[in-house]
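Number of protein chains: 2
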Amino acid sequence: MQGTEHAIDISELRQSCARCALLNLCLAAPIGAAELRRLDDIVKRRRPLARNEFLFREGSRHSSLYVIRSGAIKTSVLLPEGDCQVLGFHLPGEILGLDGVASERHQLSAEVLEESSVCEIPFDRLGEVAAQLPALQRQIYRIVSREFVREQEHPVMMGRKHAMTRLALFLHGFSERRSAHGLDPCSFELSMSRQDLANYLGLVIETVSRAFSRLQALGVIEVDRRHVIVRDRRALSDFARPDEPELRATA
Amino acid sequence: MQGTEHAIDISELRQSCARCALLNLCLAAPIGAAELRRLDDIVKRRRPLARNEFLFREGSRHSSLYVIRSGAIKTSVLLPEGDCQVLGFHLPGEILGLDGVASERHQLSAEVLEESSVCEIPFDRLGEVAAQLPALQRQIYRIVSREFVREQEHPVMMGRKHAMTRLALFLHGFSERRSAHGLDPCSFELSMSRQDLANYLGLVIETVSRAFSRLQALGVIEVDRRHVIVRDRRALSDFARPDEPELRATA
DNA sequence: CGAAATTTTGATTTTGTTCAATCCATGTGG
DNA sequence: CCACATGGATTGAACAAAATCAAAATTTCG
């Protein structure tokens, strides 16, 4: 409830796809300036979402895609016994809401990990606009494909037999994603809890904790609470290689 | 090289989306009979693919989507050290080739597990047709979303801590998918090797073998080579529940 | 039929999980 | 401002499960 309605309106007016820093990662990338306004018209810029808020919940009605503008969002799915499987941690430039198009209901939940803002794009209106802008249509497919490919990194990580490999792979990928956004790849804050990370990696929290400690003891990273500094980028990507028992034994 | 060119032509002429048994699972589902012909025109029906052939390979140029008409196809991605991660086993009605739209090159390989036939749909021509048929456009999104959601089952499986749970989850899902296609859900042939299955589940081959033996010893399934009979559907889905140590201990 | 490949089974080792205790950062209320 | 409670994270010890190593059995295929 901080900030008046009025203040929010002003900031919304200021925003437009044309001047968005994420433009080239986003749906709008290949569109001419003129046509961009048509897309701009249907995009709703939502007020910032606070930590622990849900962007959407499993089972709720689906009608929009969301592009993350800033922050970090966790997606997960409920399992029969009450617990859940974390499916991803999503960063700026990434798209959410593709689940749910098929069944008109979201198949997963999206929870905000740190204050985030997103652009909401009503799905049917996007379809209407895209029908008249072939370049936009193609870009939508491209983005969807990109997300599809990125999802595959998850099973690749979980397929590794050693906890260290999984964590190294995660940290390495996280670091890479930061690079791609022009952020420091060697020093960052993890916005998810150890519990979330463990769940994501298919491990228990203790094992993740030990893997962090181990990487730190080996001088690969420095970790303080949720802050991570990558000390030896090379060593990290060595550990991220498919399970070679030699590597992770002594050192 | 079996079958003459002529024979193949005849069988191709006979095929059309309109009389395809998979129509309702496929892109064409909600399209009127008249418009269906336009889609029909761009679909290439490929001659049956033999076991071990590749539908496409990682790195090769992408230009089409593929709908599996019959058979079974395995997708996988190469890992830095030379081995690979199996990402999925795909059955009739499912779509392949969405990887590769973003980068114009396939990001994964698709290998035929048993004689299969697929419809090939040139991607840009599909776009052209869909631009004029909103119902087709929507259906494409729906199918893509469906595949997207189905991919999530993989990390859910890999997230389980016990080998038995992963295998049970796989068998249960496989059985369900058969039901959906009107096939016997309780008796089937697995077309993938134990090695492929182990890789897919994030386990080694010996562990998978033992899990099979164990499920058989418990009377849940009967397994002979690659043929599986589900004896106790209920017990199977109990084992497929998130890791409850009690369940899989004795019995 | 015989060779090669795949799968199963057994014994052993390694790793991760579980259980339990401690630590530590944070926030509360006296 | 400082005990104190709280939740999250780390660490340790015992245990269980899967990986590894090795061998035997079975199937597949030439």
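Chains as they are written, first to last, in my numbering: chain A, 808 to 1058; chain B, 808 to 1058.
C-beta atoms are modelled at their ideal positions from N, C-alpha and C, and glycine is treated no differently.
Quick caveat: nothing in here was measured; it's all calculated off a predicted structure.
Not a single CB atom of chain A sits nearer than 7 Å to the CB of Pro929 of chain B. Where Val1011 of chain B is concerned, there is no enclosing beta strand (DSSP E), because DSSP gives it neither an H nor an E.
Membership of Pro992 of chain A in any alpha helix (DSSP H) is not indicated, and neither H nor E is assigned to it by DSSP. 7 Å or more divides the Cβ of Val1035 of chain A from the Cβ of Phe977 of chain A. Counting only Cβ-Cβ distances below 8 Å, Asp890 of chain B has contacts in chain A at Pro1049, in chain order. When DSSP states are grouped into helix, strand and coil, His869 of chain B belongs to the coil group.
With a minimum length of 3 residues, the unbroken runs of beta strand (DSSP E) contained wholly in the segment 868-914 of chain B fall at 871-885, 891-897. Taking one beta carbon from each stretch, the segment 896-911 of chain B and the segment 858-875 of chain B have 3 or more pairs nearer than 8 Å; the two touch. Ala917 of chain B is bridged by DSSP to B:Phe863, B:Thr882.
Residues of chain A whose Cβ lies closer than 9 Å to the Cβ of Gly1009 of chain B are, in chain order, Pro962, Met965, Gly966, Arg967, Lys968, Gly1009. Per DSSP, the beta-bridge partners of Asp1031 of chain B are B:His1034. Residue pairing by DSSP places Leu843 of chain A opposite no residue, since no beta bridge is assigned to it. By the beta-carbon neighbour count (other beta carbons within 10 angstroms, threshold 16), Asn859 of chain A is exposed. A direct Cα-Cα distance of roughly 29 Å separates Gln1023 of chain A from Val963 of chain B.
Scanning chain A for C-beta atoms nearer than 9 Å to the C-beta of Gly907 of chain B yields Ser952, Val956, reported in chain order. Contact of Pro837 of chain A with chain B is not assigned, every C-beta pair being separated by 7 Å or more.
Taking each of B:Gln939, B:Ala937, B:Gly839, B:Asp847 in turn and checking the Cα distance to Ser823 of chain B, the smallest one comes out for B:Asp847.
Per DSSP, Gly980 of chain B is one residue of the alpha helix (DSSP H) stretching across 970-987.
Contact annotation: Val893 of chain B and Asp991 of chain B have beta-carbon atoms that are not nearer than 7 Å. Apart from the 5 residues on each side of it in sequence, Ala835 of chain A sits with its Cβ closer than 7 Å to the Cβ of Cys824, Leu843, Leu846 in its chain, given in chain order. Among the residues facing chain B, Gln959 of chain A is included, as its CB has a counterpart in that chain under 7 Å away. Residue pairing of Val925 of chain A in beta bridges, as defined by DSSP: A:Ile875.
Spanning the alpha carbons of Cys993 of chain A and Ala917 of chain A requires a straight line of approximately 27 Å. Between the segment 1005-1016 of chain A and the segment 970-987 of chain A, the count of Cβ pairs shorter than 8 Å is three or higher; the stretches touch.
Ser952 of chain B counts as buried, since at least 16 other C-beta atoms from the protein chains shown sit within 10 angstroms of its C-beta. Going by DSSP, Gly934 of chain B is part of the alpha helix (DSSP H) stretching over 930-939. Distance from the CA atom of Ala942 of chain A to the CA atom of Arg932 of chain B, rounded to whole angstroms, is 14 Å. For the C-beta of Gln914 of chain B, the chain A residues within less than 7 Å are, from N- to C-terminus, Val956. Close to chain A, meaning a Cβ-Cβ distance shorter than 7 Å, are the following residues of the segment 874-902 of chain B: Val884, Leu886, Pro887, Glu888, Asp890, Gln892, Leu894.
Sorting B:Glu983, B:Val956, B:Arg984, B:His969 by C-alpha distance to the C-alpha of Val1015 of chain B places B:His969 at the top. Per DSSP, the unbroken alpha helix (DSSP H) holding Asp1045 of chain A starts and ends at 1040-1046.
For Arg868 of chain B, the nearest beta carbon of chain A is not closer than 7 Å to its own beta carbon. With fewer than 16 neighbouring CB atoms inside 10 Å of its own CB, Gly889 of chain A falls in the exposed class. Per DSSP, Pro962 of chain A is one residue of the alpha helix (DSSP H) stretching across 960-965.
Within the DSSP secondary-structure output, Arg852 of chain B pairs in a beta bridge with B:Cys926. Cβ-Cβ distances below 7 Å link Ser867 of chain A to Arg912, His913 in the same chain, with the five nearest sequence neighbours on each side left out; the list follows chain order.
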